[in-house]
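Participant: Below you'll find the structure I mean.
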Amino acid sequence: MEQAIIVAYQAVYAIAFLILISLGLAVIFGMMRVINLAQGEFMMLGAYCCNLAVKHGMALWPSFALAALAVGAFGMLIERILIRFLYGRIIDTLLATWGLSIFIVGGTTIIMGPTTESIPAPFGTMTVGGYGVPTYTLFLIAFAVLALIVTYVLLRYTTAGLVARGTMQNPVMAAALGVPPEAVYMLTFGFGSALTGLAGAVIAPLSGVSPTMGGFFIAKMFITVIVGGQMALLGTLSASTIFGGISGTVDYLVNSVVGDICVLVVAIALLRFLPLGITGRFHRGV
Amino acid sequence: MLRAPSRGFGWIPHWSWWAGVAASFASFLALPAFVSEYALLQLSVIAVLSMLGVSEGFLWGFSGILSFGQTAFFGLGGYTYAVAALNSDHTALPLLGAIILPGLLAAIVGYFMIYGRIGEIYVSVITLVVTLILEKTMRATSSDEYVIGSVRLGGQNGIPTVPPLNVPFTADGTLGLTGVYFLSGICLLAIYVGLALALRHRWGRVLVAIRENERRAELLGYDSRIYKLWAFVVAGMIAGFAGALYGIWGNFVSPEMFSLGQSAQILIWVIVGGRTILAGPIVGCAVIQYLTAALGTAAVGQVTLVLGVILMLAVVLFREGVLPAAWSGVHRIQSRLRRAD
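Protein sequences, first through last, are from chains D and S. Each residue of the first sequence is one higher than the one before, counting from 32 in the working numbering. Each residue of the second sequence is one higher than the one before, counting from 2 in the working numbering.
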């Protein structure tokens, strides 16, 4: 019984973790069809922002907000100087953002040094099914759910979300109605980047902060969002549930490497039978 | 009645092409007499890595599959050779295994991707993920329980003491520095000539036709999937072979061979050299390797910083590749000068 409880907890945690790290990419890829391979590095930048702010005496919570704002602004800058030349050239976007990713890793290594730093996690530990786990994981689960709901409400029920979705579907019509598509693209990319930076900051106390940390998450983000398919948020939620469930369980019962392999095999098999992802046959929506 | 292209001997290249190949081969054979041992070592690794570059250039430029995971096959080839050669006295069979095993992996991954007819963007991501998982797996094998035969996989540190190749028909002769240079050069040349001929032959023409217009090729009765799968498998086998040679060259294999940085480098070679010319990646590889060797002595992170900038600029400014763009630029200036006369 205790075993079952801890496995279930690990699975829920893995699902929440996947949702948290994939949310930004879900907005950027799901809505804009831009594959941003530097997404892992955006997370890393968020983690570094948070780390620096905490080191300079800021409390943890405002540091999260700072990280989100900083990475969001950085994302908008990148959209202006790189991404906007590449809309519609999806493979070129992939390659250019890969260049960006290497560039950011190199730059961060030069400035911050190649070492791993850590932020102490608040809240201490609690016991789940007889095992001690950091209470912070519970916070992370709640935070992921909150972030998903807020993003959904923003995109689905606010005017800003409506304008963004409309512009993605038909930029010319949006422009005719007086909406500047360029600005909407920039802001959407910035919003996705901010979500990613926030995710980086939130996981930083658990994962540590190093220039190459982005590489650990990029694969998981991508298979989650791609297997999710057309509908950015619903797809991410369902794919996170499948993969998080698998990896949380297998990670605990065997080890994390076997867990990763299982996720990959399931992802490839799923794409073989559902080439457009889980929500590929649905009509557009979020 | 439809006639398949190039029946007969039309696919054999013009004599001037052969002359070019022979001339580069001759200069390659003569080179060890003029350069230092260090330069020879560098040239060997450029030849080995060029094979990897050619496999990517062939796959991307001629069959239209952009693989982000040639390093998966590269690393697998290296590890296969290292483990098999350390477990036995032979080296020829392990070398063969380093071609076959990556070929099998390519066949499996390729089957799911190509027969699933998933979009090009998904192909890129799946190949990338396969590489990342292999890298992570290899990095996690540091404890003593991960042993194949008598060889510890070694986790982050990889496997040192990868044995050199035995020279056939001699009792205990192994291939030294100059030997590896000649072997890698000859293999690169053989792969280049083999691919160039295959591309001029019926098979290659169908492959290019599929790249240009897959639906039309299928309506003409070609099963595009099997052609693409073969291209993917051949590229995987070349990459695996290059991995084994890389292990032999450096006497060790490590998880770095699978790394994202390595796969990015391959794409940079191809983008710089141009993917529409089969020899392009060789030039690109030589240029970038020279550059990284020159930068290598500077601070940590500098190489990746510069490579990242090169990749971004090359993609935004030169869509067909840097060298082809420079080439067509020269042509344009020439023709303008001629018109001015």
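Where is the CB? At the ideal position from N, CA and C, for every residue including glycine. All figures in this text were calculated on a predicted structure; none of them were measured in a lab.
What residues of chain S sit near R303 of chain D, judged by a beta carbon separation below 9 Å?
Facilitator: Position 272 of the first sequence holds residue 303 of chain D. Residues of chain S passing the Cβ test: Y112, F113, M114, Y116, G117, I119.
Participant: With the cut-off set at 7 Å, would you say G130 of chain D and G309 of chain S are in Cβ contact?
Facilitator: In the first sequence, the residue the question calls residue 130 of chain D occupies position 99. In the second sequence, the residue the question calls residue 309 of chain S occupies position 308. Contact: yes.
Participant: Along the beta strand (DSSP E) that carries G163 of chain D, what are the first and last residues, could you check?
Facilitator: Residue mapping note: residue 163 of chain D aligns to position 132 of the first sequence, counting from 1. First-last of the beta strand (DSSP E) with G163 of chain D: 162-165.
Participant: Check whether chain D comes within 7 Å of R206 of chain S, counting only Cβ atoms and requiring the distance to be less than that.
Facilitator: Start at 1 with the first residue of the second sequence, and residue 206 of chain S comes out as number 205. Output row for R206 of chain S: interface = no.
Participant: Can you tell me where the alpha helix (DSSP H) holding T310 of chain D begins and where it ends?
Facilitator: Indexing the first sequence from 1 puts residue 310 of chain D at position 279. T310 of chain D -> no alpha helix (DSSP H), and no H or E assigned at all.
Participant: Considering only residues of the same chain and omitting the five flanking positions on each side of G205 of chain S, which have a CB-CB separation below 6 Å?
Facilitator: Numbered from 1 along the second sequence, position 204 holds the residue referred to as residue 205 of chain S. If we look at G205 of chain S and ignore the five residues flanking it on each side, its Cβ neighbours are A199.
Participant: Using C-beta distances below 6 Å, list every residue in its chain close to G197 of chain D, excluding the 5 sequence neighbours before and after it, in chain order.
Facilitator: As a first step, residue 197 of chain D must be located in the first sequence, where it is residue number 166. Cβ neighbours of G197 of chain D beyond the five flanking positions: A205.
Participant: Any idea which residues DSSP pairs E38 of chain S with across the strands?
Facilitator: Your numbering for residue 38 of chain S matches position 37 in the second sequence. In the DSSP output, where bridge partners are listed per residue, E38 of chain S has none listed.
Participant: With contact counted as at least three CB pairs below 8 Å, one residue from each stretch, are the segment 236-246 of chain S and the segment 103-115 of chain S in contact?
Facilitator: They touch, by the three-pair rule.
Participant: Which one of S:S225, S:R320, S:E215, S:G195 has the shortest CA to CA distance from R276 of chain S?
Facilitator: Taking the second sequence and counting its residues from 1, the one referred to as residue 276 of chain S is at position 275. Comparing Cα-Cα distances from R276 of chain S to each of S:S225, S:R320, S:E215, S:G195, the minimum goes to S:R320.
Participant: Are the beta-carbon atoms of Y82 of chain S and A191 of chain S separated by less than 7 Å?
Facilitator: The count along the second sequence starts at 1 and reaches residue 82 of chain S at position 81. The count along the second sequence starts at 1 and reaches residue 191 of chain S at position 190. Cβ atoms of Y82 of chain S and A191 of chain S: not closer than 7 Å.
Participant: I'd like to confirm something about I278 of chain S: is its beta-carbon nearer than 6 Å to some heavy atom of the ligand PLP, or not?
Facilitator: The ligand PLP is absent from the structure shown, which contains no ligands of any kind.
Participant: Could you check whether the Cβ of L108 of chain D sits closer than 7 Å to any Cβ belonging to chain S?
Facilitator: Here residue 108 of chain D is taken as the residue at index 77 of the first sequence, counted from 1. No, because no Cβ of chain S sits closer than 7 Å to the Cβ of L108 of chain D.
Participant: How far does the alpha helix (DSSP H) with L230 of chain S in it reach, from first residue to last?
Facilitator: Taking the second sequence and counting its residues from 1, the one referred to as residue 230 of chain S is at position 229. Looking at the DSSP string, the run of the alpha helix (DSSP H) that includes L230 of chain S is 225-251.
Participant: Anything in the segment 305-322 of chain S with a Cβ closer than 9 Å to a Cβ of chain D? List those residues in chain order, please.
Facilitator: Taking 9 Å as the Cβ-Cβ cut-off against chain D, the residues of the segment 305-322 of chain S that qualify are T305, L306, V307, L308, G309, V310, I311, L312, M313, L314, A315, V316, V317, R320.
Participant: Please classify P6 of chain S: does DSSP put it in a helix, a strand, or coil?
Facilitator: Locating residue 6 of chain S in the second sequence gives position 5, where the first residue counts as 1. In this predicted model, P6 of chain S has a pLDDT of only 48, less than 50, meaning its place in the structure is not dependable enough to derive any value.
Participant: Three-state secondary structure (DSSP) at M157 of chain D?
Facilitator: The residue given as residue 157 of chain D occupies position 126 in the first sequence. Strand.
Participant: Nearest chain S C-beta to I59 of chain D closer than 7 Å, yes or no?
Facilitator: Position 28 of the first sequence, counting from 1, holds the residue named residue 59 of chain D. False, the Cβ-Cβ gap to chain S never drops below 7 Å.
Participant: In the structure shown, what three-state DSSP assignment does I100 of chain S receive?
Facilitator: The residue you call residue 100 of chain S lines up with position 99 of the second sequence. Note: I100 of chain S maps to helix in three-state DSSP.
Participant: Output the distance between the C-alpha atoms of F304 of chain D and R118 of chain S, rounded to the nearest integer angstrom.
Facilitator: Residue 304 of chain D sits at position 273 when you count from the first residue of the first sequence. Residue 118 of chain S sits at position 117 when you count from the first residue of the second sequence. So the two alpha carbons sit approximately 10 Å from each other.
Participant: So for L87 of chain S, helix, strand or coil by DSSP?
Facilitator: Translated into positions along the second sequence, residue 87 of chain S becomes position 86. In this structure, L87 of chain S counts as helix in the three-state DSSP scheme.
Participant: As a quick exercise: from S:F253, S:Y223, S:S264, S:F26, pick the residue whose alpha carbon is nearest that of V126 of chain S.
Facilitator: On the second sequence, position 125 is the one that residue 126 of chain S refers to. The candidate whose alpha carbon is nearest that of V126 of chain S is S:S264.
Participant: Starting from L102 of chain S, find everything on chain D with Cβ-Cβ shorter than 7 Å and list it in chain order.
Facilitator: Counted from its first residue, the second sequence places residue 102 of chain S at position 101. None at all; the shortest Cβ gap to chain D is about 17 Å.
Participant: With distances taken Cα to Cα, identify the nearest neighbour of R115 of chain D among D:L229, D:M89, D:M63.
Facilitator: If you number the first sequence from 1, residue 115 of chain D lands on position 84. Out of D:L229, D:M89, D:M63, D:M63 has the C-alpha closest to the C-alpha of R115 of chain D.
Participant: Under 8 Å Cβ to Cβ from T156 of chain D, same chain only, skipping five residues before and after it: list those, please.
Facilitator: As a position in the first sequence, residue 156 of chain D is number 125, starting the count at 1. Cβ within range, chain order: G163, V164, P165, T166.
Participant: Anything in chain D within Cβ reach of I134 of chain S, meaning under 9 Å, just list it in chain order.
Facilitator: What you label residue 134 of chain S is simply residue 133 of the second sequence in a count that begins at 1. The contacting residues are A250, V288, D291, I292, V294, L295.
Participant: Is the beta carbon of S224 of chain D sitting closer than 7 Å to the one on F60 of chain D?
Facilitator: As a position in the first sequence, residue 224 of chain D is number 193, starting the count at 1. As a position in the first sequence, residue 60 of chain D is number 29, starting the count at 1. No, they are not a contact pair.
Participant: Write down every uninterrupted run of the alpha helix (DSSP H) in the segment 197-264 of chain D whose length is 4 residues or greater and which is fully enclosed by it, in chain order.
Facilitator: With a minimum length of 4 residues, the continuous alpha helix (DSSP H) runs that stay inside the segment 197-264 of chain D are 202-207, 212-238, 245-259.
Participant: For I254 of chain D, which residues in chain S fall below 9 Å Cβ to Cβ?
Facilitator: Taking the first sequence and counting its residues from 1, the one referred to as residue 254 of chain D is at position 223. Under the 9 Å cutoff, chain S gives V126, I127, V130.
Participant: Out of D:G137, D:G279, D:L264, which one is the CA nearest neighbour of Y183 of chain D?
Facilitator: For this step, residue 183 of chain D is matched to residue 152 along the first sequence. Of the listed residues, the one whose Cα sits closest to Y183 of chain D is D:L264.
Participant: Pull up the distance between the alpha-carbon of L50 of chain S and that of F75 of chain S, whole angstroms please.
Facilitator: Within the second sequence, numbered from 1, the residue matching residue 50 of chain S stands at position 49. Within the second sequence, numbered from 1, the residue matching residue 75 of chain S stands at position 74. Between L50 of chain S and F75 of chain S, the C-alpha separation is close to 10 Å.
Participant: Per DSSP, which one or two residues make a beta bridge with E148 of chain D?
Facilitator: The residue given as residue 148 of chain D occupies position 117 in the first sequence. Answer is D:V240.
Participant: Just checking: is the beta-carbon of A86 of chain S within a distance shorter than 7 Å of some beta-carbon in chain D?
Facilitator: Within the second sequence, the letter at position 85 stands for residue 86 of chain S. A86 of chain S does not count as touching chain D.
Participant: Do you know how far the Cα of S287 of chain D is from the Cα of L49 of chain D?
Facilitator: Taking the first sequence and counting its residues from 1, the one referred to as residue 49 of chain D is at position 18. Taking the first sequence and counting its residues from 1, the one referred to as residue 287 of chain D is at position 256. Straight-line Cα distance between these residues: approximately 14 Å.
Participant: Note down, in chain order, every chain S residue with its Cβ under 7 Å from the Cβ of I257 of chain D.
Facilitator: Translated into positions along the first sequence, residue 257 of chain D becomes position 226. Near I257 of chain D (Cβ distances below 7 Å), the residues of chain S are Y123, V126.
Participant: Using the C-alpha atoms, what's the distance from A104 of chain D back to A232 of chain S?
Facilitator: Here residue 232 of chain S refers to the residue found at position 231 when the second sequence is read from its first residue. Here residue 104 of chain D refers to the residue found at position 73 when the first sequence is read from its first residue. Going from the Cα of A232 of chain S to the Cα of A104 of chain D covers about 43 Å.
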